[in-house]
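Residue 126 is where the sequence shown starts when you use the numbering used here, and the numbers rise one by one after that. One structure is given here, and the rest of the page talks about it.
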Amino acid sequence: MTLFPIIVGIPLSIIILLTFKETKIYEKYREEENIAGRSPVLLKDNVKALFQSDRATEYKIVLVMSFFAGLNFIFLQMAESFIQSGTALDEGLVNIVILIVALSVIAGYLSTGALADRVGRVPLIYVYSILMPIAAIILYIGSLLTIAQGAFILVVLGISLGYVAFNNTNILLRIVTFEVTPTERRATAGGSRLLIFAIGMTCGFGFGSIITLFFGLGVTFIVLSIPLIANVFLTKKYIKETKGTDLKEVK
């Protein structure tokens with residue numbers, strides 16, 4: 126398994142280097158900068174400019190939402206261990222669960238991509254922000270039951286919905302980030318969002334270790350997913366629908 130990403134990653138990197146090109150919008154921006162003879166923009170200036178753009182408030186809210194999402198990375202890392210040691214499922218059933226989860230994640234990616242362009246980003250943020258706590262509760266209930274009582278069904282449902290909700294929440298936040306920030310600051314905006322997300326991950330593991338010590342991992346998943354509900358209210362108040370945004374017009 127360790128060699129697999131290496132074997133696949135090296136040729137994939139070469140393909141990307143040979144085939145991927147900068148976007149026309151960014152190339153046009155660089156040409157204008159070169160013609161004007163402007164010096165390269167420093168990172169601190171780029172970050173400062175992000176918070177002075179026309180849609181700076183939306184970007185700030187995306188950062189807060191990314192922190193809340195990062196808190197739930199512990200679910201992605203520990204849910205598999207939880208179903209192995211904290212539920213009534215045997216090894217065979219656990220393997221089946223993992224397979225179903227993998228298929229669910231793929232289906233989630235495909236459906237989110239299609240729905241985000243059809244119904245918009247905002248409605249899906251609502252759905253996935255609410256879905257994560259529901260998934261955590263379902264998984265916890267499943268851990269309390271026996272196989273005869275339906276533990277397998279609830280565990281599969283809980284962990285699958287949790288993975289789908291977590292992954293697709295982050296996809297949507299990435300999309301919104303790029304659609305509310307100017308072309309020349311977009312990479313900085315994405316990197317800053319990832320930094321806040323990583324801080325959320327770290328805090329999630331820190332808080333999670335304390336909660337798990339007293340109440341168990343299942344309760345930890347629930348507690349850390351609750352802040353995501355705030356994303357619904359933050360989105361409703363601050364985030365404008367970005368579907369159909371002309372990226373050239375974002376200043």
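Beta carbons are placed, not taken as given, at the ideal position from N, Cα and C, and that holds for glycine.
Put Arg318 into one of helix, strand or coil per three-state DSSP.
Arg318: helix per DSSP, three-state reduction.
Would you call the region 255–267 in contact with the region 279–294, where contact means no fewer than 3 C-beta pairs closer than 8 Å?
Flag = yes, the region 255–267 and the region 279–294 touch.
Indicate whether the contact test is met: 3 or more Cβ pairs, each with one atom in the region 186–199 and one in the region 351–364, closer than 8 Å.
At 8 Å Cβ cutoff, the stretches touch.
State the DSSP-derived secondary structure class of Lys362, mapped to helix, strand or coil.
Correct three-state label for Lys362: helix.
From what residue to what residue does the alpha helix (DSSP H) around Gln202 run?
Here the alpha helix (DSSP H) through Gln202 covers 198–210.
Using the Cα positions of Glu366 and Glu309, report the straight-line distance between them to the nearest angstrom.
Each residue's alpha carbon lies about 22 Å from the other.
Please list, in chain order, all residues of the same chain as Gly323 whose beta carbon is under 7 Å from its beta carbon, the five residues on each side excluded.
Gly is not the amino acid found at residue 323; the sequence shown has Ala there. Excluding positions up to five away in sequence, the list reads Gly195.
Span of the alpha helix (DSSP H) holding Ile291?
The amino acid at residue 291 is misidentified as Ile; the sequence shows Phe. Element bounds for Phe291: 276–304.
Mind reading off the beta-carbon distance from Thr345 to Gly267? Whole number of angstroms is fine, and I expect it under 8 Å.
With 8 Å as the limit, Thr345 and Gly267 do not qualify as a contact, their Cβ atoms being about 15 Å apart.
Between Phe358 and Ile135, what straight-line distance do the alpha-carbon atoms span, to the nearest angstrom?
One C-alpha to the other measures close to 43 Å.
For Arg311, which three-state DSSP category applies?
Residue state, collapsed to three classes: helix.
So which of Ile225, Val219, Val305, Leu282 has the shortest CA-CA distance to Ala181?
Looking at the Cα atoms, Val305 is the closest of the given residues.
So, at 8 Å on beta carbons, what are the nonlocal neighbours of Leu214 in its own chain, with the 5 sequence-adjacent residues on each side left out?
Same-chain partners within the cutoff: Ile208, Val222, Ile272, Ala276, Phe277, Val280.
Let's test the definition: count the other Cβ atoms within 10 Å of the Cβ of Asn220 and tell me whether it reaches 16, buried, or not, exposed.
Asn220 is exposed by the Cβ-count criterion.
Which residues in the same chain have their Cβ closer than 6 Å to the Cβ of Met326, if we skip the five residues on either side of it in sequence?
Excluding residues within five positions, the ones whose Cβ falls inside 6 Å are Gly195, Phe198.
Please state the DSSP three-state secondary structure of Leu246.
One detail in the question is off: residue 246 reads as Arg in this sequence, not Leu. The answer is helix: DSSP assigns Arg246 an H, G or I state.
Thinking C-alpha only, which one of Ala174, Thr144, Ile140, Leu264 is nearest Ala312?
Ala312 has its Cα closest to that of Ala174, out of Ala174, Thr144, Ile140, Leu264.
For Thr360 and Leu201, I'd like the C-alpha separation in whole angstroms.
C-alpha separation (whole angstroms): 24 Å.
Using the rule of at least 16 other Cβ atoms within 10 Å of the residue's Cβ for burial, across every protein chain shown, is Ile231 buried or exposed?
With fewer than 16 Cβ atoms within 10 Å of its Cβ, Ile231 is classed as exposed.
Is DSSP giving Leu188 helix, strand or coil here?
If DSSP states are grouped into helix, strand and coil, Leu188 belongs with the helices.
Measuring alpha carbon to alpha carbon, tell me which of Ala204, Gly331, Val301 ends up nearest Val226.
It is Ala204.
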